[in-house]
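To start, the structure under review is shown below, and the notes come after it.
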Amino acid sequence: MTRVGIIGLGMLGNAVALHLLDSGFEVTVYNRTKEKTIQTKEKGAKVATSPKEIAENSELVIIVVKDANAVKEISFEKDGIIEGKHEKLIVADMSTIDPSESKNISKKFQEYNIHKLDIPVMGGPNVAISGDLVMMASGNKESFDHCKDVFEKIANKVFFLGESGVAHSVKLAMNLQITMLALALSEGITLVEKSNVDPKIFLEILNSTYFKTGMSEKKAYNMIEGKYDTTFTLANLKKDISTMTGAAKSLGIELPMIKKAEEVYENAIREGFGEIDYTGIIEYIKKINEPK
Ligand SMILES: NC(=O)c1ccc[n+]([C@@H]2O[C@H](COP(=O)([O-])OP(=O)(O)OC[C@H]3O[C@@H](n4cnc5c(N)ncnc54)[C@H](OP(=O)(O)O)[C@@H]3O)[C@@H](O)[C@H]2O)c1
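Under the numbering used here, residues 172 to 463 are what the sequence shown spells out, in order.
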């Protein structure tokens, strides 16, 4: 399989497309806002004018857009993927969306005899650029096996998890970890700063223990300095948190911490922190602790 289409050249999609171009694939791209296709065009990508044209030109179409509504729009509305369908077409959705929405979208594609896989990923544009994402996949196993070479180029670890939707459930559980880690670091740093302790010492101690994480070893130092090299916006993480609370509701389970986190991230967006990196949640925690 060599002809790959990418719909959605946001931070993640752009990096995935650049890496596939570097790896020798024939890549066609589409983005609603055309200016974002410039970088990939310069690297040799063909630029399509619609999702339909992407489908016509590709054996595998990878979708990397904001949410389930965007996935449905580019798939089923005018000039959508289904209008460009052909016998060899497989669709794979990398966007982070609700597992039940994902199942319904797969079913709708099936009505057009198109196999749709779920391929949510862990890792941002900074690792996507070198093919070092971690991928969770679900859906039709035969289609997955057919596309495996491409997936293994995009990610250094690929897990096939079973029936449609389940990869998104695992992805939500992964982003739940990210949410809590960013909050735990933000509150820990604020607590020690208010106690006149250098937060770098706090991180040095934390990173000397079993409780260290990639986040405490890397992004946390930028959090202390108020530097936010945005790889995943706080608003997009909040979108995922709301998807988690929605999924919990439909599963009939209580996840009390994520419910509380939803409120915190919602307030942070209201205070204007939505477009910085999600680790900028520390700015909101600092703000609510400013002297009155
Ligand atoms: N960044 C990460 O670290 C990361 C990691 C794992 C998963 N993800 C997931 O990957 C997806 C993309 O994330 P990102 O960080 O690349 O986000 P982003 O930079 O905000 O880009 C969002 C993309 O979605 C497109 N889009 C939004 N609404 C649309 C619509 N109605 N129709 C067509 N296109 C639409 C945007 O097009 P325009 O340019 O026209 O607005 C843009 O290409 C999200 O689901 C996110 O949760 C991101």
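Each residue gets a CB set at the ideal place from its N, CA and C atoms; glycine is no exception.
Note that this is a predicted model, so its numbers are computed, not measured.
Looking at C-alpha atoms only, which residue of the options is the closest neighbour of residue i?
i, options, result
"Lys430", "Gly423, Ser194, Ala419", "Ala419"
"Ala186", "Thr208, Asn393, Phe315", "Thr208"
"Met306", "Asn297, Ser314, Asp289, Glu313", "Asp289"
"Gly195", "His317, Gly302, Ser366, Ala355", "Gly302"
"Glu213", "Tyr201, Arg203, Leu189", "Leu189"
"Leu183", "Val175, Gly295, Lys398, Leu304", "Gly295"
"Arg203", "Val175, Val242, Glu227, Arg174", "Val242"
"Glu461", "Met428, Met351, Leu192, Thr361", "Thr361"
"Ser314", "Phe373, Glu248, Lys259", "Lys259"
"Arg441", "Tyr455, Ala355, Asp448, Thr450", "Tyr455"
Is DSSP giving residue i helix, strand or coil here?
i, result
"Asp289", "strand"
"Ile234", "strand"
"Lys328", "strand"
"Glu197", "strand"
"Met265", "coil"
"Asp250", "coil"
"Val368", "coil"
"Leu304", "strand"
"Gly333", "coil"
"Ile429", "helix"
"Gly176", "strand"
"Asp448", "strand"
"Glu420", "Looking at the sequence shown, residue 420 is not Glu but Lys. Here Lys420 sits in helix by DSSP."
"Thr414", "helix"
"Ser221", "coil"
"Thr350", "helix"
Consider the C-beta atom of residue i and the heavy atoms of ligand 1; say whether any pair is separated by less than 7 angstroms.
i, result
"Pro296", "yes"
"Glu248", "no"
"Thr416", "no"
"Met306", "no"
"Glu230", "no"
"Thr267", "yes"
"Lys278", "no"
"Thr404", "yes"
"Lys207", "yes"
"Gly397", "no"
"Glu433", "no"
"Met345", "no"
"Leu288", "no"
"Met529", "Shown here, the chain extends from 172 to 463; a query on residue 529 therefore has no answer."
"Asp226", "Note on identity: in this sequence residue 226 is Ala, with Asp being the wrong assignment. False, no ligand heavy atom lies under 7 angstroms from that Cβ."
"Glu244", "yes"
"Asn407", "yes"
Below 8 angstroms on the Cβ atoms is my contact criterion, and I expect residue i with residue j to pass it. Report the Cβ-Cβ distance as a whole number of Å.
i, j, result
"Glu254", "Lys223", "4 angstroms"
"Met394", "Ser357", "7 angstroms"
"Gly179", "Val218", "Gly179 to Val218, Cβ: 13 angstroms. No contact."
"Leu405", "Gly445", "5 angstroms"
"Glu364", "Asn378", "Incorrect: roughly 17 angstroms between the Cβ atoms, too far for contact."
"Gly310", "His286", "7 angstroms"
Discussion item. With three or more beta-carbon pairs closer than 8 angstroms as the criterion, would you say the region 428–448 touches the region 400–416?
Written reply: yes
Worksheet item: Pairing CB atoms from the region 278–288 with CB atoms from the region 247–261, are three or more of them under 8 angstroms?
Response: yes
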